Each structure stands twice: as structure tokens, then as C-alpha cells.
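Asks: Protein chains in written order, with this note's numbering: chain A, 30 to 177; chain B, 30 to 177; chain C, 30 to 177; chain D, 30 to 177.
Protein chains: 4
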Amino acid sequence: MPLPPPEFPAFDPAVAEGMVGAGAVMAGIPEYLGIRTVEAGAGRLVAEVAVRDELLNPFGALHGAVLSALADHVLGAVVYTVVERGYWAATTEFKLNFLAPVRTGTVRAESSIISMSRRTAVVRIDMENEGRAVAAAQGTVTIVPPRA
Amino acid sequence: MPLPPPEFPAFDPAVAEGMVGAGAVMAGIPEYLGIRTVEAGAGRLVAEVAVRDELLNPFGALHGAVLSALADHVLGAVVYTVVERGYWAATTEFKLNFLAPVRTGTVRAESSIISMSRRTAVVRIDMENEGRAVAAAQGTVTIVPPRA
Amino acid sequence: MPLPPPEFPAFDPAVAEGMVGAGAVMAGIPEYLGIRTVEAGAGRLVAEVAVRDELLNPFGALHGAVLSALADHVLGAVVYTVVERGYWAATTEFKLNFLAPVRTGTVRAESSIISMSRRTAVVRIDMENEGRAVAAAQGTVTIVPPRA
Amino acid sequence: MPLPPPEFPAFDPAVAEGMVGAGAVMAGIPEYLGIRTVEAGAGRLVAEVAVRDELLNPFGALHGAVLSALADHVLGAVVYTVVERGYWAATTEFKLNFLAPVRTGTVRAESSIISMSRRTAVVRIDMENEGRAVAAAQGTVTIVPPRA
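1. Chain A partners of residue 47 of chain D, CB-CB under 9 Å?
2. Identify the contact partners of residue 169 of chain A in chain C, using a Cβ-Cβ distance below 8 Å as the criterion.
3. Buried or exposed: where does residue 93 of chain D fall if 16 or more other Cβ atoms within 10 Å of its Cβ makes it buried?
4. First and last residue of the alpha helix (DSSP H) that includes residue 105 of chain B?
5. Please decide whether residue 67 of chain D counts as near chain C, where near means a Cβ-Cβ distance under 7 Å.
6. Please list, in chain order, all residues of the same chain as residue 130 of chain A whose beta carbon is under 6 Å from its beta carbon, the five residues on each side excluded.
7. Could you tell me whether the Cβ atoms of residue 104 of chain D and residue 120 of chain D are closer together than 7 Å?
8. Contact criterion: CB-CB distance below 7 Å. Does residue 32 of chain B meet it with respect to chain A?
9. Is the CB of residue 58 of chain D under 7 Å away from at least one CB in chain A?
10. Which residues, in chain order, does the region 135-152 of chain B contribute to contact with chain C at a C-beta distance below 9 Å?
11. Would you call residue 157 of chain B buried or exposed, if buried means 16 or more other Cβ atoms sit within 10 Å of its Cβ?
12. For a quick check, are the C-beta atoms of residue 98 of chain D and residue 98 of chain A less than 7 Å apart?
13. Using beta carbons (cut-off 7 Å, strictly below), is residue 126 of chain C in contact with chain D?
14. Could you tell me which chain C residues have their CB closer than 8 Å to the CB of residue 100 of chain D, listed as they occur along the chain?
15. Just checking my contact of residue 111 of chain D with residue 40 of chain D at CB under 8 Å: how many whole Å lie between their CB atoms?
16. Just to confirm, is the Cβ distance from residue 95 of chain C to residue 84 of chain C under 7 Å?
17. Go ahead and pull the three-state DSSP assignment for residue 82 of chain C.
18. So, with DSSP's three-state summary, where would you put residue 131 of chain C?
19. Does any C-beta atom of chain C lie closer than 7 Å to the C-beta of residue 175 of chain B?
20. Taking its Cβ as the centre, do 16 or more other Cβ atoms sit within 10 Å of residue 160 of chain C, making it buried, or is it exposed?
21. Return no unless some Cβ of chain A is closer than 7 Å to the Cβ of residue 39 of chain B.
22. Are there 16 or more other CB atoms within 10 angstroms of the CB of residue 152 of chain D, so buried, or fewer, so exposed?
23. Let me make sure I understand the geometry here. Which of D/109, D/135, D/172 has the alpha-carbon closest to that of residue 148 of chain D?
24. Can you tell me which of A/128, A/59, A/142, A/133 puts its alpha carbon nearest to the alpha carbon of residue 170 of chain D?
25. Using CA atoms only, rank isn't needed, just tell me which of C/57, C/47, C/71, C/49 is closest to residue 33 of chain C.
26. Between residue 75 of chain D and the rest of its own chain, which residues show a CB-CB distance below 6 Å, the 5 nearest in sequence each way excluded?
27. Apart from the five residues just before and just after residue 49 of chain C, which ones in its own chain have a Cβ nearer than 8 Å to its Cβ?
28. Let's see if you can read the secondary structure: which residues bound the alpha helix (DSSP H) around residue 47 of chain B?
29. Please check if any C-beta of chain D sits within less than 7 Å of the C-beta of residue 84 of chain A.
30. Do we get a CB-CB distance below 7 Å when we pair residue 93 of chain B with the residues of chain C?
31. Return helix, strand or coil for residue 60 of chain D, following the three-state DSSP convention.
32. Judging by CA-CA distance, which residue of B/59, B/60, B/126, B/136 is the nearest neighbour of residue 78 of chain B?
33. Could you tell me whether the Cβ atoms of residue 174 of chain C and residue 109 of chain C are closer together than 7 Å?
34. Who are residue 145 of chain A's beta bridge partners in DSSP?
35. Nearest to residue 155 of chain D by CA position, among D/134, D/177, D/45, D/126, is which residue?
Now the structure itself:
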């Protein structure tokens with residue numbers, strides 16, 4: 030009997046839709062990793078990274094830094110689905126457990142807001158690969174209002 | 030589309046049932062806090078603490094140390110539902126977010142194993158009070174075999 | 030070459046001194062555990078718990094819930110050394126690693142503010158027992174101004 | 030009165046020296062970020078990332094994913110200074126607090142093993158930029174022996 034998710038009065042489906050698809054690849058580390066946002070809803074976002082040789086460590090597994098960067102990215106990004114335009118999501122902290130090595134295929138990271146106040150969102154992240162849980166994270170995002 | 034939970038071949042319903050009810054109050058800090066295990070299944074356990082004046086801080090909210098102790102308790106306890114008799118669950122680490130203050134009623138903590146190998150379980154905990162999420166945790170338990 | 034600690038303009042030695050000693054045992058879970066504040070300075074606090082049989086788990090080690098509660102307690106308490114009177118320290122989150130079992134003697138927990146802004150302090154905690162590191166924590170405290 | 034660091038009987042200065050300098054840039058995400066190991070000793074490692082425009086987020090601050098990836102990298106790397114050749118360091122989990130934004134210059138991440146057993150190391154990380162603490166992390170590395 031899990032609790033219902035929080036309510037998100039500022040959710041704007043057009044903003045969420047705008048996060049999905051072609052425009053979802055940002056410059057910098059998201060582009061380098063090839064992070065693609067594939068779903069976005071109220072307080073929920075899914076992004077994927079395709080495994081490629083360059084992202085493996087010398088032992089043939091996806092470098093943990095890739096999952097760490099992906100966790101950070103989806104932790105902040107999900108907050109933009111539920112704040113008014115002009116607000117900024119500043120990741121404050123997160124914790125990440127690595128559950129199983131990733132060797133091939135695609136990592137899918139699902140980010141969900143589990144609690145939200147005017148200034149803070151707490152988010153959980155589940156990552157899976159080839160039908161297996163590969164990482165789990167939990168963190169805090171500070172919601173910063175626009176400068177006057 | 031969350032992943033199915035891990036499989037727990039060592040799950041013994043009799044052990045789980047034995048964790049629920051009158052015998053569920055252990056001596057020491059669980060007894061002081063009045064932690065009662067109210068449900069136990071394969072990789073899942075629910076325990077409760079009734080708020081009483083003695084457990085409040087000077088600001089009238091449940092002392093965070095109570096939720097911290099409860100988190101630690103259910104993190105390890107859930108592992109006993111799915112290991113062979115004689116194995117020991119040693120909590121390695123956990124992370125806890127406080128989501129909302131608790132002032133009255135009962136705190137219900139639900140603990141679920143999200144990943145398990147031969148030597149390690151990763152566990153998530155959700156705590157609620159009066160229909161509201163009040164804390165969320167994630168941690169690791171090391172599974173120690175019996176001494177030969 | 031570690032960085033110098035943050036500056037604490039609101040540090041009041043009299044407040045810190047008042048936290049040490051006989052009056053340092055608060056009612057509730059701190060009293061049950063016997064938490065004693067033994068040192069307090071600017072952004073730094075040391076508290077101790079004496080191990081007693083009642084606090085051991087069935088395996089003869091100090092229950093992890095005791096260290097969890099102690100971590101939560103010193104995480105918030107250290108902030109009172111450096112805020113103006115009337116401000117409130119609300120623990121937001123923390124992460125705790127258990128490093129070694131505790132069986133006898135005293136646990137000494139040292140809490141240090143490593144970063145502080147107007148609204149937030151980030152704190153590290155080191156716990157030792159019999160000359161050995163037994164736990165390490167890191168967490169966030171929100172600093173709440175007095176109500177007008 | 031902090032505790033002395035753990036002892037590291039398998040420390041080999043030649044291995045540590047080999048981690049520093051020209052060969053310290055690995056392929057993949059460490060190369061993309063330009064992570065350079067600048068110091069390595071027994072249970073201690075320092076690595077740096079130079080801020081460049083490509084690594085900034087749209088708000089002009091270093092993307093949190095860069096610090097997340099750097100944390101993951103130095104968390105595992107420091108363990109190689111103190112294990113026998115052939116052992117593998119598998120990062121199990123970590124927690125990261127962001128303390129201040131980074132806009133220019135170099136991020137210096139110092140990673141220290143605070144506790145070590147035969148199978149596990151617990152590590153703390155301090156990151157600084159322009160004389161200011163910008164991130165702090167704590168995590169666990171599993172030490173995996175070579176396959177027979």
C-alpha cells in the first residue's frame with residue numbers, strides 16, 4: 030500500500046513534452062554520454078544511455094562515472110516537469126548504490142519525485158539494463174525561484 | 030514499469046510469521062521505542078512506532094533519532110525473511126531523508142529488498158504518518174554466513 | 030592541505046559551554062541512550078555513549094540503531110553552536126557507514142560543520158571506540174529562522 | 030584528535046607513482062572530463078579537472094554530473110594504491126553533497142581511505158575550487174580478489 034505520489038500543481042504537459050525527443054540531447058556531458066530523455070510526466074522522467082565501447086572501464090563494464098553522471102542528470106531534470114518556468118533545480122545531494130555491472134545494451138534511468146515542498150524535492154532513481162536493476166539512487170533538489 | 034522484485038529462494042513463511050506479533054518486540058532500543066513488526070513477507074517487512082510525548086523533541090516533533098533508529102532496525106530485519114537460518118544481517122550503510130515532521134499517531138516503516146546477491150542486499154524504506162510520507166531511506170546489508 | 034573550516038560569525042562560547050556537562054542529557058531518546066555532550070566549540074561538538082548490555086544486539090554488538098540515533102543527534106546539535114538564539118536546526122538527511130562492531134567501552138562521536146550558508150550546514154561525523162573508527166556519517170541540516 | 034589513518038601493508042610506492050602524470054589520463058569519461066591524477070600515496074589520491082565551457086550547465090556553473098563522475102572516479106582509484114596487483118576495486122555506493130557552484134579554474138578532488146578491511150574500503154572525498162569547498166562525498170568500495 031504505497032502512498033500516492035505528491036500533487037504537482039505547476040505541472041505543464043507542454044513543458045514535459047518539450048523535454049522528450051530530438052531536443053533532449055543537451056551539450057556537454059549529457060551529449061558526450063548520449064543521454065536521451067524518452068519519457069517525461071508529472072514528477073517523473075525516464076532517460077537512456079546506450080552502452081558503447083568508449084564508456085566501458087578496463088574490465089569491460091560500464092564505468093561507474095557514467096551511471097553517476099546519469100543519476101545526477103535525471104535527479105535535477107525531473108524537477109523541471111513540475112516547477113513554474115524560470116525556476117531552477119539545484120541538486121543538493123544524492124546517494125547512489127551500484128547493484129550489478131552493465132556490459133551491453135541500454136541503461137534506462139527512471140526518476141520520480143517522492144516528496145515535494147515549495148523549496149525542496151526528494152527524488153528516487155531506478156536504473157535498469159537488460160531486465161535487471163543496475164543502480165538505485167535517492168537525493169535532494171533545491172528549487173530556486175527566479176531572480177526578481 | 031518497475032522491475033519485478035528479486036527472487037528469494039530461501040524465503041521461509043514460518044520465519045516471517047515468527048517475526049510478527051507479540052514476540053516482535055526485542056529488548057533494548059527496539060523495546061524502548063516500542064518498535065512492533067506488523068507484517069513480514071519475502072523481502073518485505075513493515076514495522077510501526079507509536080508516537081508518545083517522551084519521543085518528541087523540544088519543538089514538539091518526533092526526534093529524528095527515533096526515525097533513524099527505526100530505519101536501521103527495519104533495514105537489517107527485512108533480510109532475515111530471506112536468508113537461511115544461522116545467517117546474520119550486518120547493516121553496512123544507509124542514507125535517510127527526512128520529508129515531513131511527525132507530531133502524533135503512528136509511524137509505519139515499510140522495508141523492501143530491491144536487489145540481492147549471495148553476500149549483499151540493497152534495501153529501500155518508506156515511512157509514513159497520518160497518510161503522509163515522512164522519511165525515505167536506502168541502504169546496504171551484508172549477509173554473513175554462520176561460522177563453521 | 031585541507032581547507033580551513035568555515036567561519037562562524039554567530040558563534041557564542043557561552044552557548045557552546047552551556048551544551049557541555051550535566052545539563053547535556055536531554056529527555057527522551059538521548060536520555061535513554063545516555064548521550065553526553067563532552068565538548069562543544071565553533072562548528073564542532075563531541076558526544077559520548079557508554080556501551081551497556083541493554084544496548085547490545087543478540088550478537089553482542091552495539092545495536093546499529095544506537096549509532097544511527099547518535100549520528101542524528103550530533104548532526105543537529107553541532108549547528109546550535111553557530112546560529113543566533115531562536116534559530117532551529119532541522120536535520121534534512123544524512124548517510125552513515127558502519128565501519129567496525131562495538132562491544133564495550135564508550136563511543137565518542139565528533140561532529141564538524143564542513144560547509145555553511147545562511148540556510149544550510151553540511152556536517153561530517155566520526156565515531157570511534159577503543160581507538161578504532163567505528164562509524165562515519167555525512168549529512169545536511171536546514172537552519173530555520175525564528176517565527177516573526 | 031582524529032584517529033590515525035588505517036595501515037596499508039600492500040602499499041607499493043611504485044604503483045602510486047605510476048598513477049600520477051602523463052599516463053594518468055584514461056580513455057572514456059575520464060579523458061572526456063580531462064581528469065588528471067596529480068598525487069597518489071598510501072590510501073590517498075588527488076585528481077583535478079579543469080573547468081571548460083563545454084562542461085558548464087546552461088546557468089554557467091559546472092554541471093553536477095562532472096563532479097559526480099569525478100567523485101566516482103577518485104573513489105575507486107584511491108583503492109589501487111593499497112591493494113596487491115591483480116585486485117579490482119568495485120565501487121559499491123557513495124553519497125555526494127554539493128556545497129558551492131563552480132564557475133572557473135580547476136576542481137581538485139582529494140580521496141582518502143578512512144577504514145579498510147580485507148574486502149572493503151570506506152573512502153571520503155573533498156573537492157575544492159578557488160580556495161572553497163565545493164563538494165564532499167563518502168562511499169564504499171568492494172575489493173575483489175583476482176580470479177584463480
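Glycine is no exception: its CB is placed at the ideal position from the N, C-alpha and C atoms. Quantities reported herein were computed from a predicted structural model and do not represent experimental measurements.
Replies: Taking the definition as stated:
1. Chain A residues near residue 47 of chain D: none, gap ~14 Å exceeds 9 Å.
2. 121, 122, 169
3. With 16 or more neighbouring CB atoms inside 10 Å of its own CB, residue 93 of chain D falls in the buried class.
4. 93-106
5. no
6. 90
7. At the C-beta level, residue 104 of chain D and residue 120 of chain D come within 7 Å of one another.
8. yes
9. yes
10. none
11. Buried is the call here.
12. yes
13. Cβ-Cβ to chain D under 7 Å: yes for residue 126 of chain C.
14. Under the 8 Å cutoff, chain C gives no residues; its nearest Cβ is about 12 Å from residue 100 of chain D.
15. Cβ atoms of residue 111 of chain D and residue 40 of chain D come within 8 Å of each other, at about 5 Å.
16. yes
17. helix
18. Correct three-state label for residue 131 of chain C: coil.
19. no
20. exposed
21. no
22. With 16 or more other Cβ atoms within 10 Å, it is buried.
23. D/172
24. In terms of CA proximity to residue 170 of chain D, A/128 leads the group A/128, A/59, A/142, A/133.
25. C/71
26. 67, 68, 139
27. 66, 67, 68, 69
28. 42-48
29. yes
30. yes
31. helix
32. B/136
33. no
34. A/150
35. D/126
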